[in-house]
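Visitor:
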Amino acid sequence: MLPPIEIKINIDAEVPRALSVLECPPEEGRRRSIWFAEARTAAAERALPLLSGHLIIRLRSGDRDDLTVKLRPCSLEGLAPRWRRPFDDRDFSYRVESDWSGSQHVLAASAVSRRPPGSLARAMQSGTDPAQVLDPAQRQFLVTCTPGGVPIDHLVPLGPIVSTTWSGIPLAGHTVDLERWTVDGLDLLEISAQIRASPGESIEAFELRADDERSRLESFFRGHRLQPSVEDTKTRRVLSVLVREHSRPTNQPPMRDTPMP
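This is the structure:
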């Protein structure tokens with residue numbers, strides 16, 4: 052079976068109007084806090100070795116907590132055999148899918164562990180190394196699949212930022228999920244739709260169908276004078292802000308979350 056394709060469209064201007072068009076009031080979204088992990092010494096120098104090494108560690112906390120370890124981009128051949136197919140376990144899920152964001156089409160592998168509400172926020176606020184809260188399966192995923200030279204210990208949490216999500220929103224014949232990230236002048240909205248291959252469908256036909264669906268979604272926003280972003284992924288843009296804040300001298304004013312209307 053072909054991996055599903057996750058179509059991602061990012062809006063980085065007029066986000067409040069985009070939410071109005073989608074009939075998603077801010078007060079009806081699920082609001083949580085997000086931290087990202089980076090190498091402790093490199094973060095002080097505004098470097099992003101984990102992200103540059105195709106590794107993302109994200110900790111999300113609120114009424115539902117989860118910790119995601121993602122390799123993006125990756126290849127099936129570069130993954131250990133156990134990690135080439137998706138599976139679910141108690142409080143743990145593993146996914147392999149294609150991420151389509153603008154012209155970037157890459158494979159991503161994600162190991163997600165679910166945690167008690169508020170537990171990850173307490174750990175990050177107390178200064179815990181994010182590597183210490185990985186579960187055993189995520190640690191095994193890192194050790195066996197992360198490219199050589201990428202640090203996976205002695206990490207520091209960067210954040211938090213504010214995340215607001217809306218799930219199961221009807222849009223242009225699809226059901227999409229929305230996630231809004233706000234921090235220090237950035238206000239980013241991601242619209243994602245998952246496309247699954249039909250039984251026996253060739254990869255060429257599947258990708259052609261997914262590309263058609265992507266075009267329909269982008270046309271919807273352009274029809275409302277909302278231009279999809281062609282800049283870096285929202286993760287890179289947010290991490291660049293967070294690492295700059297982390298290295299800010301202590302006598303400078305702290306970063307503040309962007310107020311959300």
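The numbering of the sequence shown is the numbering used here, which starts it at 52 and goes up by one. Where is the CB? At the ideal position from N, CA and C, for every residue including glycine. Since the model is a prediction, treat every value here as computed from it, not as a measurement.
Just checking, does the region 200-209 make contact with the region 242-259 on the three C-beta pairs under 8 Å criterion?
Guide: Touching, no, given that fewer than three Cβ pairs across the two stretches are closer than 8 Å.
Visitor: Where Phe272 and Val292 are concerned, what is the direct C-alpha to C-alpha distance, given to the nearest angstrom?
Guide: Within the sequence shown, the letter at position 221 stands for residue 272. Within the sequence shown, the letter at position 241 stands for residue 292. Straight-line Cα distance between these residues: approximately 27 Å.
Visitor: Tell me, please, whether the region 158-178 touches the region 125-133 by the rule of three or more beta-carbon pairs shorter than 8 Å.
Guide: The region 158-178 vs the region 125-133: in contact.
Visitor: Less than 8 Å between the CB atoms is what I'm expecting for Ser164 and Gln189, so what's the real figure, rounded?
Guide: Indexing the sequence shown from 1 puts residue 164 at position 113. Indexing the sequence shown from 1 puts residue 189 at position 138. Indeed they touch by this definition, with Cβ atoms about 6 Å apart.
Visitor: Would you call Glu96 buried or exposed, if buried means 16 or more other Cβ atoms sit within 10 Å of its Cβ?
Guide: Numbered from 1 along the sequence shown, position 45 holds the residue referred to as residue 96. Exposed, by the Cβ-count rule.
Visitor: Tell me whether the region 262-280 and the region 52-72 touch, counting them as touching only if at least three CB pairs, one residue from each stretch, are closer than 8 Å.
Guide: Segments in contact, yes.
Visitor: When DSSP labels each residue in this structure, what does Asp228 get in the three-state scheme?
Guide: By 1-based counting over the sequence shown, the position of residue 228 is 177. Residue state, collapsed to three classes: strand.
Visitor: Below 6 Å CB to CB, which residues in the same chain sit around Pro55 once its five sequence neighbours on both sides are set aside?
Guide: Position 4 of the sequence shown, counted from the first residue, corresponds to residue 55. Answer for Pro55: Glu148, Gln245, Arg247, listed in chain order.
Visitor: Quick check on the burial criterion: 16 or more other C-beta atoms within 10 angstroms. Buried or exposed for Thr284?
Guide: Position 233 of the sequence shown, counted from the start, is the residue given in the question as residue 284. The residue in question, Thr284, is buried, as its Cβ has 16 or more Cβ neighbours within 10 Å.
Visitor: From the DSSP secondary-structure annotation, give me the bridge partner or partners of Pro208.
Guide: As a first step, residue 208 is located in the sequence shown; it is residue number 157 there, counting from the start. Paired residues: Ala88.
Visitor: Got a sec? Which residues, its chain only, sit under 7 Å from Ala174 by beta carbon, not counting five neighbours each side?
Guide: For this step, residue 174 is matched to residue 123 along the sequence shown. Within the same chain, Ala174 has close Cβ partners Val184.
Visitor: With DSSP collapsed to three states, give me the class of Cys125.
Guide: In the sequence shown, residue 125 corresponds to position 74, counting from 1. Note: Cys125 maps to strand in three-state DSSP.
Visitor: By Cβ distance below 6 Å, which residues in the same chain neighbour Leu171 in space, the five residues on each side in sequence not counted?
Guide: Taking the first residue of the sequence shown as position 1, residue 171 is located at position 120. For Leu171, where only same-chain residues beyond five positions count, the Cβ hits under 6 Å are Leu110, Ser112, Asp116.
Visitor: Start and end of the alpha helix (DSSP H) containing Val147?
Guide: Here the question's residue 147 lines up with position 96 in the sequence shown. That residue, Val147, is in no alpha helix (DSSP H); its beta strand (DSSP E) goes 143-152.
Visitor: Among Gln176, Phe192, Glu230, Glu74, whose alpha-carbon lies nearest the alpha-carbon of Arg146?
Guide: Taking the first residue of the sequence shown as position 1, residue 146 is located at position 95. Nearest option by C-alpha distance: Phe192.
Visitor: Below 8 Å on the Cβ atoms is my guess for Thr286 versus Ile107; work out the distance and round it to an integer in Å.
Guide: Along the sequence shown, read from residue 1 onward, the residue named residue 286 stands at position 235. Along the sequence shown, read from residue 1 onward, the residue named residue 107 stands at position 56. 6 Å between Cβ atoms; contact.
Visitor: May I have a chain-ordered list of the alpha helix (DSSP H) segments no shorter than 4 residues that lie completely inside the region 152-207?
Guide: DSSP runs (the alpha helix (DSSP H)) wholly in the region 152-207: 170-176, 187-196.
Visitor: Report back the beta-carbon spacing between Cys75 and Leu229 to the nearest angstrom; my notes put them in contact at under 8 Å.
Guide: Here residue 75 refers to the residue found at position 24 of the sequence shown. Here residue 229 refers to the residue found at position 178 of the sequence shown. With 8 Å as the limit, Cys75 and Leu229 qualify as a contact, their Cβ atoms being about 6 Å apart.
Visitor: Within 10 Å of its beta-carbon, does Thr195 have 16 or more other beta-carbons around it, so buried, or fewer, so exposed?
Guide: For the purposes of this step, residue 195 is identified with residue 144 of the sequence shown, where counting begins at 1. By the 10 Å Cβ count, Thr195 comes out exposed.
Visitor: Roughly how many whole angstroms lie between the Cα atoms of Trp86 and Ile212?
Guide: The residue labelled residue 86 in the question sits at position 35 within the sequence shown. The residue labelled residue 212 in the question sits at position 161 within the sequence shown. Looking at the two C-alpha atoms, the distance is approximately 7 Å.
Visitor: Whose CA, out of Arg295, Trp134, Asp150, Glu78, lies closest to the CA of Asn61?
Guide: In the sequence shown, the residue the question calls residue 61 occupies position 10. Of Arg295, Trp134, Asp150, Glu78, the residue nearest in Cα terms is Asp150.
Visitor: What distance in whole Å lies between the Cβ atoms of Leu118 and Arg166, which are believed to be in contact at a cut-off of 8 Å?
Guide: Here residue 166 refers to the residue found at position 115 when the sequence shown is read from its first residue. Here residue 118 refers to the residue found at position 67 when the sequence shown is read from its first residue. Indeed they touch by this definition, with Cβ atoms about 6 Å apart.
Visitor: Tell me the DSSP secondary structure of Val294 in three-state form.
Guide: Taking the sequence shown and counting its residues from 1, the one referred to as residue 294 is at position 243. Helix, per DSSP.
Visitor: For Lys59, which residues does DSSP report across the bridge?
Guide: Residue numbering aside, residue 59 sits at position 8 when the sequence shown is read from its first letter. Ser152, Ser243.
Visitor: So, is Asp139 buried or exposed, given that buried needs 16 or more other C-beta atoms within 10 angstroms?
Guide: Position 88 of the sequence shown holds residue 139. Looking at its Cβ environment, which holds fewer than 16 other Cβ atoms inside 10 Å, Asp139 is exposed.
Visitor: Looking only at DSSP bridge pairs, what is Asp283 linked to?
Guide: In the sequence shown, the residue the question calls residue 283 occupies position 232. The partner list for Asp283 (beta bridge, DSSP) is empty, contrary to what the question assumes.
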